[in-house]
Amino acid sequence: MIGRLLLAVGYLSTPFAGPGSAVLTAAGWLVHGVETRRPTYSWIGLVGLLGVAGVLAGRYGVAGAGLEGLGGVVLLLFYVLSIAALWLAGIRSNNWALKASAMTLAVGWLLAATGASSVGEAAQAASGAVDWGGINWANQAAHNVIATIGGPEALAKIFTAAGAVLAALGFLGAVEAREEAASEEAVFRIGVY
Numbered sequence: 024m025i026g027r028l029l030l031a032v033g034y035l036s037t038p039f040a041g042p043g044s045a046v047l048t049a050a051g052w053l054v055h056g057v058e059t060r061r062p063t064y065s066w067i068g069l070v071g072l073l074g075v076a077g078v079l080a081g082r083y084g085v086a087g088a089g090l091e092g093l094g095g096v097v098l099l100l101f102y103v104l105s106i107a108a109l110w111l112a113g114i115r116s117n118n119w120a121l122k123a124s125a126m127t128l129a130v131g132w133l134l135a136a137t138g139a140s141s142v143g144e145a146a147q148a149a150s151g152a153v154d155w156g157g158i159n160w161a162n163q164a165a166h167n168v169i170a171t172i173g174g175p176e177a178l179a180k181i182f183t184a185a186g187a188v189l190a191a192l193g194f195l196g197a198v199e200a201r202e203e204a205a206s207e208e209a210v211f212r213i214g215v216y
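In this text, residue positions in the sequence shown follow this note's numbering: the first is 24, and each later residue adds one.
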């Protein structure tokens, strides 16, 4: 219960809390993993807390500047792992809000990761001159629409805010879905034995 509340508050604060949101969501995954006896969630939360600690220690002079960069990489890894954890939690509990949140946060994260450079430039850097999966072609077609909305940064903020609200709704409404999933698992176990 406490883990889900931490996760809901952490994800709701994502659009405006910045590092505070990272602390809340990492602590939420850690506590949620302990409460649900799913060590994967706890490990994801621990990765997030270590990333935040590394960034803070490097930034405020407790350790060298290299630790800040390493903490940043670990924190980026936490964001990717937390999106995967949202998807897993949504699948396990059959919670549509968590699944939709994982998808929208993944799109927002990808748009934020590309930043001001286009997806097509990133794809060209990764694959050379080859149009990798038609991404360059799709990027050229979508360029005007994305520019009208405000560019990749604005679109990333929209997707992140939508994903954060969906995650909060998913975790706040997860009680009923989790109980249904538990009864389905019990029925499946009876059928297997």
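From the three backbone atoms N, C-alpha and C, an ideal C-beta is built for every residue, glycine too.
In this text, all values refer to a predicted model and were calculated from it rather than measured experimentally.
Can you tell me which of the three DSSP states residue i falls into?
i       : result
Tyr-64  : helix
Tyr-83  : coil
Gly-196 : coil
Ser-105 : helix
Gly-173 : coil
Met-24  : coil
Ser-124 : helix
Ser-36  : coil
Gly-113 : helix
Gly-41  : coil
Ser-150 : Residue placement at Ser-150 is poorly supported in this model, since its pLDDT is 47, which falls under 50; the coordinates are not used for a value here.
Leu-30  : helix
Ala-139 : Because Ala-139 sits at a pLDDT of 44, beneath the cut-off of 50, its placement in the model cannot be relied upon, and the point is left open.
Taking 8 Å as the threshold (C-beta atoms), are residue j and residue i in contact?
i       : j       : result
Ser-116 : Trp-52  : no
Leu-121 : Gly-131 : no
Arg-109 : Leu-128 : Strictly speaking, residue 109 in this sequence is Leu, with Arg absent from that position. Against a cut-off of 8 Å, the Cβ pair of Leu-128 and Leu-109 comes out as a contact.
Gly-71  : Ala-31  : no
Thr-183 : Thr-63  : no
Ala-185 : Tyr-34  : no
Asn-118 : Gly-41  : no
May I ask whether a heavy atom of the ligand MN can be found less than 7 Å away from the beta carbon of residue i?
i       : result
Ala-184 : Annotation note on the ligand MN: not contained in the displayed structure, which lists no ligands.
So which of the options has the shortest CA-CA distance to residue i?
i       : options                            : result
Gly-43  : Val-54, Thr-63, Ala-135, Val-75    : Val-75
Ala-125 : Val-188, Val-46, Thr-59, Gly-26    : Val-188
Lys-49  : Gly-174, Glu-176, Leu-100          : Looking at the sequence itself, residue 49 is Ala, so the reference to Lys does not match. When only C-alpha atoms are compared, the closest one is Leu-100.
Ile-169 : Leu-134, Ala-190, Leu-195, Ala-191 : Leu-134
Leu-29  : His-55, Pro-38, Phe-39             : His-55
Ser-65  : Gly-26, Thr-171, Gly-41, Leu-178   : Gly-26
Gly-94  : Arg-82, Val-78, Asn-118            : Val-78
Leu-98  : Ala-179, Tyr-34, Leu-69            : Leu-69
Glu-58  : Ala-179, Arg-82, Met-24            : Met-24
Gly-73  : Val-96, Lys-180, Arg-61, Glu-176   : Before going further, note that residue 73 is Leu rather than Gly in the sequence given. The residue with the shortest Cα to Cα distance from Leu-73 is Val-96.
Leu-47  : Tyr-102, Arg-60, Ala-179, Lys-180  : Tyr-102
Leu-111 : Ile-172, Tyr-83, Thr-171, Ile-67   : Ile-67
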